[in-house]
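For this note's numbering, count along the sequence shown from 1 and bump the result up by 738. We put the CB at the ideal spot given by N, CA and C, even for glycine. Here is the structure we will look at, set down as structure tokens.
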Amino acid sequence: MPSIRIKNGPNAGMRFEIKEDVLGIGRDDEEDIQIFDQGVSRRHAEIFRVGEMYFIRDLGSKNGTFVNGEKITEELLRAGDEVRIGGALLEFEEGEAEGSSGRQKKIEIVISSDLPNFSGATGLYRFNAPTIEDTYEPMQEGEAESRDMEALYEVAKIIRHGSDPHELMKEILQFALPLVEADCGYIFLRKSLKKKLTLVCSHERQRMGRPLVSKNVIKRVMRSRKSFLGMDHRTKEGGEVEEYSVLCVCLVAFEELSGVMYLAKKKKNGPFTRENMELITAIGVQLGVALQGLRAAHSQRRVFLNMVKMLVRAIEMRVPQSKGHSEEVANYATAIALSMGLDRESVRRIQLASLLHGLGRIAIPDAEMGENLKNREEHIYTKQAFLAEELLREYEGMEELIDGVKYHRENVDGSGYPEGRKGKEIPLDARIIAVAKAFARNYAPSKGRAHIKEVLLQLQKQADILYDKKVIQGLIVAYRTGKLFQKIPLFPDL
739 MPSIRIKNGP
749 NAGMRFEIKE
759 DVLGIGRDDE
769 EDIQIFDQGV
779 SRRHAEIFRV
789 GEMYFIRDLG
799 SKNGTFVNGE
809 KITEELLRAG
819 DEVRIGGALL
829 EFEEGEAEGS
839 SGRQKKIEIV
849 ISSDLPNFSG
859 ATGLYRFNAP
869 TIEDTYEPMQ
879 EGEAESRDME
889 ALYEVAKIIR
899 HGSDPHELMK
909 EILQFALPLV
919 EADCGYIFLR
929 KSLKKKLTLV
939 CSHERQRMGR
949 PLVSKNVIKR
959 VMRSRKSFLG
969 MDHRTKEGGE
979 VEEYSVLCVC
989 LVAFEELSGV
999 MYLAKKKKNG
1009 PFTRENMELI
1019 TAIGVQLGVA
1029 LQGLRAAHSQ
1039 RRVFLNMVKM
1049 LVRAIEMRVP
1059 QSKGHSEEVA
1069 NYATAIALSM
1079 GLDRESVRRI
1089 QLASLLHGLG
1099 RIAIPDAEMG
1109 ENLKNREEHI
1119 YTKQAFLAEE
1129 LLREYEGMEE
1139 LIDGVKYHRE
1149 NVDGSGYPEG
1159 RKGKEIPLDA
1169 RIIAVAKAFA
1179 RNYAPSKGRA
1189 HIKEVLLQLQ
1199 KQADILYDKK
1209 VIQGLIVAYR
1219 TGKLFQKIPL
1229 FPDL
């Protein structure tokens, strides 16, 4: 949920959530955020909500309201925007403010009198802030004799649901460190046929500064292909020597050594045991096999992606004026899918389908498009949808893209093509692509933020008529959080 953070004065850093539809700001006692400052009007400004969009509006104040240094009348807010009202600096943020689960109560927060620009400011803020409630629950211990088996079972579950190698390694480290009470852990991988190891993932339960890694230990493990359990000595500033317990295991799959997992902890916290080494070695074997499988899948996906790029290029050659449009729609659709909380595989599927949403155009002769397209729109777009489906069925692995490509011209009120589907009868992939395409068609970057506000408001008016309301909300959240204009790779390198 969006929040406001105070940026100046003794209360700098304090946050509170925007839970009301309208939040008043001014010097008056009735305002939700009260600022005692001679430069602030009694009713100075308000933050209000329209669907998932948040706006700030100046209420005819004497000294104005500023967003990112520019005086505004009304402005659509996004994460990171800095608001100045009198001498008060506020920042609009995305995310939950601390203690947000509690009940609301009135509190007063005093800011020092040396606010910029207004020497007479006393700087008293008052707003609704949450009380913090205790949410701790007692942990339940497993049976000691089955602890290692349970741990390996949990690792198997993590691996089964993992599709991104970097996320997988991060999860494994986060899970493994507390099992053996390690302070820090690192994974080094040898990429392709190169012998040089690269640090690709790390996790620390305690801040250790620079990585506590012994190159000699890693070389020994890589050479012998055997796990290492021992001590490492480090000289601190001042000449003091500190001992660390070290555990280093191989990541091996099908006789191929791909890297090592290296764990360390201070000796005073108790050294690693042989049982710890056996457990981490078993986890290393599981992780090594999983990474090898992901590498193979990654190579297959690269071939698949190159095929998609080739088809996109064919579309652009067929319809030159569409150059860059497919990628633009894919970027927006990806941002929407991420903002809606879809899983990684769904996001990638939507991204690919977005790239190919115009595939059916390849098979339509120019003569058929003709001058009377508007009168024959239903016939042409229906034909494009079924031709795209036919083309995708020709390529193994592309069947999963059919829903997004074939049905992206359907409208939630049933007025679209090719089958006149309504509401949730339309696949989610297609509903997302439809909104992304509409935004790409109407948004002109050169016109700035005022224009984007108009586009978002116009799309919101068509929610549950042409477009899915939840997808529109996803688009707005993507803009608000800064995701909308980010480019996200299809398949990150391992």
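Would you kindly work out how many angstroms separate the C-alpha atoms of L814 and G824, rounded to a whole number? 20 Å
For a test of the three-state rule: what should DSSP assign to D796, helix, strand or coil? strand
Continuous alpha helix (DSSP H) stretch holding I1140: start and end: 1140 to 1144
Residue environment, I1210, which counts as buried when at least 16 other CB atoms sit within 10 Å: buried
So, is P854 buried or exposed, given that buried needs 16 or more other C-beta atoms within 10 angstroms? Note that P854 scores a pLDDT of 39, beneath 50, so its modelled location is shaky; the value from the coordinates is reported in the next line. Per the 10 Å Cβ criterion, exposed.
Could you give the distance in angstroms between the alpha-carbon of E879 and the alpha-carbon of E888? Confidence in E879 is poor, its pLDDT being 47 and thus under 50, which makes the residue's placement too unreliable to answer from.
Residue ranges of each alpha helix (DSSP H) run of no fewer than 4 residues wholly in the stretch 1157 to 1222, ordered along the chain? 1166 to 1180, 1186 to 1199, 1207 to 1218
For I1170, does the count of other Cβ atoms within 10 angstroms reach 16, so buried, or fall short, so exposed? buried
Which runs of the alpha helix (DSSP H) spanning at least 4 residues fall entirely within the stretch 1023 to 1081, listed in chain order? 1063 to 1077
Beta-carbon gap between G1212 and I1074 smaller than 7 Å: yes
Stretch-stretch touch, CB-based, cutoff 8 Å, three pairs: the stretch 1193 to 1202 with the stretch 1039 to 1057: no
Strand pairing of K809, partner residues [DSSP]: F804
Reduced DSSP category for D1104 - H, G, I as helix; E, B as strand; rest coil: helix
Count the other CB atoms within 10 Å of the CB of L937; is the residue buried (16 or more) or exposed (fewer)? exposed
Three-state class that DSSP yields for Y1119 in the structure shown: helix
Below 8 Å, how does it come out for the stretch 948 to 957 and the stretch 1015 to 1026: are there three or more Cβ pairs, yes or no? no
Y1070 versus G997 - alpha carbon distance: 37 Å
Tell me the rounded alpha-carbon separation between G1161 and D1206. 7 Å
Roughly how many angstroms separate the alpha carbons of D819 and L1032, rounded to a whole number? 40 Å
What did DSSP end up calling L815 once you bin it into helix, strand or coil? coil
May I ask you to verify whether the stretch 893 to 909 touches the stretch 1027 to 1044, counting CB pairs closer than 8 Å and requiring at least 3? yes
Considering only the beta carbon of each residue, do L989 and L1001 sit closer than 7 Å? no
Leaving out the 5 sequence neighbours to the left and right, which residues in its chain are closer than 8 Å to K1225 when beta-carbon positions are compared? N1069
Minimum C-alpha distance to V760 - residue among S779, F804, K1191, R787: R787
Here's the rule: buried if 16 or more other CB atoms are within 10 angstroms of the residue's CB, otherwise exposed. What is S1077? buried
Cβ shell of R1218 (< 8 Å), same chain only, five flanking positions each side left out: P740, E790, M791, Y792, L815, R816, A817, E832
Specify, as a first and last residue, the run of the beta strand (DSSP E) that K1003 falls within. 994 to 1004
7 Å Cβ cutoff met for A750 and I744: yes
Compute the Euclidean distance between the alpha carbons of H1117 and A1126, then round it to the nearest angstrom. 14 Å
So for F1124, helix, strand or coil by DSSP? helix
Can you confirm whether the stretch 1128 to 1143 touches the stretch 1054 to 1063 when touching is taken to mean that 3 or more C-beta pairs between the two stretches lie within less than 8 Å? no
Strictly by DSSP, which residues pair up with V990? L995
Use the C-beta contact count for S799: other C-beta atoms within 10 angstroms, 16 or more gives buried, fewer gives exposed. buried
With DSSP as the reference, please indicate the residues paired to L950 in a beta bridge. Answer by DSSP bridge pairing: none, since L950 is not bridged.
Are the C-beta atoms of D921 and some chain B residue less than 7 Å apart? The structure shown has no chain B; it contains just one protein chain.
Using C-beta distances below 8 Å, list every residue in its chain close to D872, excluding the 5 sequence neighbours before and after it, in chain order. Since pLDDT at D872 reaches only 34, below the 50 mark, its modelled position is unreliable, and no value is offered.
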